[in-house]
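**Student:**
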Amino acid sequence: MVSYKELGLVNTREMFAKAIKGGYAIPAFNFNNMEQLQAIIKAAAETKSPVILQVSKGARNYANQTLLRYMAQGAVEYAKELGWEKPQIVLHLDHGDSFELCKSCVDFGFSSVMIDASSLPYEENIALTKKVVDYAHQYDVTVEAELGVLAGVEDEVSSAVSHYTKPEEVVDFATRTGCDSLAISIGTSHGAYKFTPEQCTRDPKTGRLVPPPLAFDVLDAVMEQLPGFPIVLHGSSSVPQEYVDMINQYGGKLPDAVGIPEEQLRKAAKSAVCKINIDSDSRLAFTAAVRKVFAEKPAEFDPRKYCGPARDLMTELYKHKIINVLGSDGKAE
Ligand code: G3H
Ligand code: 13P
Ligand code: ZN
Numbered sequence: 063m064v065s066y067k068e069l070g071l072v073n074t075r076e077m078f079a080k081a082i083k084g085g086y087a088i089p090a091f092n093f094n095n096m097e098q099l100q101a102i103i104k105a106a107a108e109t110k111s112p113v114i115l116q117v118s119k120g121a122r123n124y125a126n127q128t129l130l131r132y133m134a135q136g137a138v139e140y141a142k143e144l145g146w147e148k149p150q151i152v153l154h155l156d157h158g159d160s161f162e163l164c165k166s167c168v169d170f171g172f173s174s175v176m177i178d179a180s181s182l183p184y185e186e187n188i189a190l191t192k193k194v195v196d197y198a199h200q201y202d203v204t205v206e207a208e209l210g211v212l213a214g215v216e217d218e219v220s221s222a223v224s225h226y227t228k229p230e231e232v233v234d235f236a237t238r239t240g241c242d243s244l245a246i247s248i249g250t251s252h253g254a255y256k257f258t259p260e261q262c263t264r265d266p267k268t269g270r271l272v273p274p275p276l277a278f279d280v281l282d283a284v285m286e287q288l289p290g291f292p293i294v295l296h297g298s299s300s301v302p303q304e305y306v307d308m309i310n311q312y313g314g315k316l317p318d319a320v321g322i323p324e325e326q327l328r329k330a331a332k333s334a335v336c337k338i339n340i341d342s343d344s345r346l347a348f349t350a351a352v353r354k355v356f357a358e359k360p361a362e363f364d365p366r367k368y369c370g371p372a373r374d375l376m377t378e379l380y381k382h383k384i385i386n387v388l389g390s391d392g393k394a395e
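The numbering used here puts the sequence shown at residues 63 to 395.
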């Protein structure tokens with residue numbers, strides 16, 4: 063058993079309470095490799111922003127759970143080296159799908175876990191979530207749960223349509239499970255294709271898709287039921303069109319990729335939404351930078367020469383999100 067406290071990590075409890083009071087949200091960035099982790103920590107350290115490092119099932123399969131845990135431990139030391147005296151870093155399991163997996167993360171140094179039983183019937187979601195909460199809380203590890211279904215792909219679970227969270231269920235769910243935060247469905251979705259062209263309108267000037275707005279009425283109703291309770295938004299990449307254009311310009315093919323407009327995320331961050339999940343945007347930045355090097359310097363074969371620019375572009379992206387979208391800069395001085 064390794065406690066996250068020995069590793070210099072923190073759980074989400076105090077972070078979320080402060081974020082709700084202060085009208086900002088904590089960035090939750092997924093990482094799968096060293097360059098992403100370096101970029102996240104550099105951006106957080108330079109802006110003094112609390113940050114959540116997320117490990118998905120895909121990341122565990124790709125990079126190995128043990129290695130990722132040690133990388134997060136190293137990230138705390140790296141943050142200090144960068145001059146961030148008291149780093150506030152959470153190591154979080156993203157979309158945990160079983161009690162055993164959540165338990166292994168709690169036992170292994172994660173400070174926060176998500177149990178995503180949102181695809182199960184309501185009572186089964188409650189039972190599994192409560193089981194994870196009862197275990198995790200013994201070790202002061204915080205637990206995120208999910209109610210409602212996002213469209214798109216969550217690891218191996220995919221859904222063609224979203225089912226918004228039912229505000230009339232949230233009090234019962236939060237009370238009976240004891241979860242610390244709740245991911246809700248209000249129209250966000252995972253990946254770089256969040257909406258079909260049929261769900262969007264098209265800007266006649268640019269030809270770009272304009273997505274439908276998020277269901278802020280559902281968010282408002284949830285907040286009315288659960289005042290001051292931490293709310294989480296998954297699937298919150300904005301799919302920056304400059305990266306999509308760069309990818310397409312340098313030989314990629316991402317037609318009509320579309321995300322959540324940043325103004326809507328900014329608006330959500332000012333409410334009880336205190337954790338915003340971003341993964342796809344980082345993938346887009348990485349791919350755009352690598353494609354550019356490959357296109358412009360076809361003789362290049364040193365991975366540092368293309369992963370380095372990718373890391374720089376991701377750092378820029380993370381800082382932009384922290385400062386201009388989530389408003390979490392300076393909140394972990
Ligand atoms: O929720 C989905 C995340 O973007 C993780 O995706 O399993 O492909 O790493 P992944
Ligand atoms: P995006 O695919 O929009 O980046 O969402 C990531 C996410 O929700 C991870 O849990
Ligand atoms: Zn997610």
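The C-beta atom is built at its ideal place from N, Cα and C for all residues, glycine as well.
In the DSSP assignment, find the unbroken alpha helix (DSSP H) run with Asn310 in it and report its ends.
**Tutor:** Gln303 to Gln311 is the extent of the alpha helix (DSSP H) around Asn310.
**Student:** Would Ile293 and Leu327 qualify as a contact pair, given that the criterion is a beta-carbon distance under 7 Å?
**Tutor:** The answer is no: Cβ separation not under 7 Å.
**Student:** Under 6 Å: does the beta carbon of His296 sit that close to some heavy atom of the ligand ZN?
**Tutor:** Result yes, Cβ under 6 Å from the ligand ZN.
**Student:** If you follow the alpha helix (DSSP H) that Phe161 is part of, which residue opens it and which one closes it?
**Tutor:** It spans Phe161 to Asp169 - the alpha helix (DSSP H) in which Phe161 sits, taken as one unbroken run.
**Student:** Below 8 Å, how does it come out for the stretch 65–77 and the stretch 169–180: are there three or more Cβ pairs, yes or no?
**Tutor:** Yes, they touch.
**Student:** Would you check if there are 3 or more beta carbon pairs closer than 8 Å linking the stretch 72–92 to the stretch 378–389?
**Tutor:** Contact holds: three or more Cβ-Cβ distances are below 8 Å.
**Student:** Between Thr250, Lys315, Leu153 and Leu129, which lies nearest to Val205 when the distance is taken from Cα to Cα?
**Tutor:** Selected option, being the one with the closest Cα: Leu153.
**Student:** Ends of the alpha helix (DSSP H) at Asn123?
**Tutor:** Taken as a continuous stretch (DSSP letters only), the alpha helix (DSSP H) holding Asn123 covers Lys119 to Ala125.
**Student:** Could you check how far apart the C-beta atoms of Leu209 and Thr227 are, in whole angstroms? I think they sit under 8 Å.
**Tutor:** With 8 Å as the limit, Leu209 and Thr227 qualify as a contact, their Cβ atoms being about 5 Å apart.
**Student:** The alpha helix (DSSP H) that contains Gly84, what's its start and end?
**Tutor:** First-last of the alpha helix (DSSP H) with Gly84: Arg75 to Gly84.
**Student:** Got a sec? Which residues, its chain only, sit under 6 Å from Asp341 by beta carbon, not counting five neighbours each side?
**Tutor:** Excluding residues within five positions, the ones whose Cβ falls inside 6 Å are Asn92.
**Student:** Name the DSSP bridge partner or partners of Pro89?
**Tutor:** Looking at the DSSP assignment, Pro89 forms a beta bridge with Ile338.
**Student:** Among residues of its own chain, excluding the 5 on either side of Arg75, which ones have a beta-carbon nearer than 7 Å to its beta-carbon?
**Tutor:** Around Arg75: Thr204 and Asp242.
**Student:** Check each candidate in Thr109, Glu143, Val232 and Phe257 and name the one with the smallest Cα separation from Leu276.
**Tutor:** Ranking Thr109, Glu143, Val232 and Phe257 by Cα distance to Leu276 puts Phe257 first.
**Student:** To which residues does DSSP link Gly158 through a beta bridge?
**Tutor:** Answer by DSSP bridge pairing, in chain order: Ile177.
**Student:** Less than 6 Å separating the Cβ of Cys154 from some heavy atom of the ligand 13P?
**Tutor:** One detail in the question is off: residue 154 reads as His in this sequence, not Cys. No.
**Student:** With burial defined as no fewer than 16 other Cβ atoms inside 10 Å of the residue's Cβ, what is the status of Phe356: buried or exposed?
**Tutor:** So Phe356 counts as exposed.
**Student:** Excluding the five sequence neighbours on either side, which residues of its own chain have a C-beta within less than 8 Å of the C-beta of Tyr197, listed in chain order?
**Tutor:** Excluding positions up to five away in sequence, the list reads Phe161, Cys164, Lys165 and Val168.
**Student:** Kindly indicate the opening and closing residues of the alpha helix (DSSP H) around Ala107.
**Tutor:** Its alpha helix (DSSP H) spans residues Met96 to Thr109.
**Student:** With C-beta atoms as the reference, is Cys369 less than 7 Å away from Ala81?
**Tutor:** Result no, Cβ atoms of Cys369 and Ala81 do not sit closer than 7 Å.
**Student:** Thinking just about the alpha-carbon of each residue, which of Ala394, Lys393, Glu395 and Pro371 is nearest to the one in Gln98?
**Tutor:** Of Ala394, Lys393, Glu395 and Pro371, the residue nearest in Cα terms is Pro371.
**Student:** Is His252 near the ligand 13P, in the sense that its beta carbon is under 6 Å from a heavy atom of that ligand?
**Tutor:** Yes, Cβ of His252 sits closer than 6 Å to a heavy atom of the ligand 13P.
**Student:** For His199, name the three-state secondary structure that DSSP assigns.
**Tutor:** It is helical.
**Student:** Identify every run of the alpha helix (DSSP H) within the stretch 256–310, keeping only runs that are complete inside it and at least 4 residues long; order them along the chain.
**Tutor:** Within the stretch 256–310, the complete alpha helix (DSSP H) runs of at least 4 residues are 278–287.
**Student:** Assuming His225 contacts Val211 (C-beta within less than 8 Å), just tell me the rounded distance between them.
**Tutor:** With a Cβ gap of about 4 Å, His225 and Val211 count as contacting.
**Student:** Considering only the alpha carbon of each residue, which of Thr239, Ala134 and Val175 lies closest to Glu186?
**Tutor:** It is Thr239 whose Cα lies nearest to the Cα of Glu186.
**Student:** On a Cα-Cα basis, can you pick out the residue from Ala106, Asn310 and Asp318 that is closest to Cys262?
**Tutor:** Nearest option by C-alpha distance: Asp318.
**Student:** Per the contact definition of three or more C-beta pairs closer than 8 Å, is the stretch 346–360 in contact with the stretch 287–307?
**Tutor:** Counting Cβ pairs under 8 Å, three or more are found: they touch.
**Student:** Measuring only from the beta carbon, is Asn92 closer than 6 Å to any heavy atom that is part of the ligand ZN?
**Tutor:** Answer for Asn92: no, Cβ out of range of the ligand ZN.
**Student:** Regarding Asn310 and the ligand 13P, is the C-beta to nearest heavy atom distance less than 6 Å?
**Tutor:** No, the Cβ of Asn310 stays beyond 6 Å of every heavy atom of the ligand 13P.
**Student:** Below 7 Å between beta carbons: does that hold for Val284 and Val232?
**Tutor:** Yes.
**Student:** Given a cut-off of 7 Å on the beta-carbon distance, is the pair Ala141 and Ala107 in contact?
**Tutor:** In this structure, Ala107 lies closer than 7 Å to Ala141 by Cβ.
**Student:** When the distance is taken between beta carbons, is Ile338 closer than 7 Å to Thr109?
**Tutor:** No, the Cβ-Cβ distance between Thr109 and Ile338 is not below 7 Å.
**Student:** Regarding His157 and the ligand HEM, is the C-beta to nearest heavy atom distance less than 6 Å?
**Tutor:** Ligands in the displayed structure: the ligand G3H, the ligand 13P and the ligand ZN; the ligand HEM is not one of them.
**Student:** Hey, would you say the C-beta of Asp178 is under 6 Å away from at least one heavy atom of the ligand 13P?
**Tutor:** Result no, Cβ not under 6 Å from the ligand 13P.
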